[in-house]
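Student: Can you keep this structure in mind? I'll have questions shortly.
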Amino acid sequence: MRVLAAVESEKVIGLVAAHSISTLFYLIQKSKSVADARAMLTSLLQFIRIAPINQSTIDQALNLDYNDFEDAIQMIAALQNKVDCLITRNVKDYQPPLVKVLQPVEFLATIEGENNL
């Protein structure tokens, strides 16, 4: 939640790959309701940008030797959108990394360190 707070307060710019939105919707509506999923995503999209997924993203992801295709899409979307880092709790799933991959706590330490300079 602290990562989202950093994005919401505009300390950093946050992107989410387009395909993740449908996954989030599904997970929220499964544990809560469709109305809650709509409300939560509407709120999230007020401060999170969508990283587009296109033919090139999919083609490159198919050629990336990752065990999980969704992770490959995330990595290529991050690369195509020239992000500074990809934040995940599963760093080991993004090998080899094409952009820097950080756990949330590592990312927060990085941005907090920059604010203290």
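Heads up: the sequence shown begins at 60 in the numbering used here, then just goes up one per residue.
C-beta atoms are modelled at their ideal positions from N, C-alpha and C, and glycine is treated no differently.
For clarity, every value in this text was computed on a predicted model and none was experimentally measured.
Quick one: grab the DSSP three-state call for Leu145.
Tutor: strand
Student: With burial defined as no fewer than 16 other Cβ atoms inside 10 Å of the residue's Cβ, what is the status of Gln184: buried or exposed?
Tutor: Because residue 184 is not part of the residues shown, which for the chain are 60 to 176, the question remains open.
Student: Would the region 129-148 and the region 92-107 be scored as touching if the rule is three or more Cβ pairs under 8 Å?
Tutor: no
Student: Along the chain, where does the beta strand (DSSP E) that runs through Lys70 open and close?
Tutor: Taken as a continuous stretch (DSSP letters only), Lys70 belongs to no beta strand (DSSP E), as it is neither H nor E.
Student: Using the Cα positions of Cys144 and Leu121, report the straight-line distance between them to the nearest angstrom.
Tutor: 21 Å
Student: Which residue wins for smallest C-alpha separation from Val160, given the options Gln88, Glu171 and Val142?
Tutor: Val142
Student: Does the beta-carbon of Ala76 have 16 or more other beta-carbons within 10 angstroms, so that it is buried, or is it exposed?
Tutor: buried
Student: Roughly how many angstroms lie between the CA atoms of Ile112 and His78, to the nearest whole one?
Tutor: 7 Å
Student: Using DSSP with H/G/I as helix, E/B as strand and the rest coil, what is Lys91?
Tutor: In this structure, Lys91 counts as coil in the three-state DSSP scheme.
Student: Give me whichever residues DSSP pairs with Ala110 in a beta bridge.
Tutor: Ala76
Student: Does DSSP classify Val160 as helix, strand or coil?
Tutor: strand
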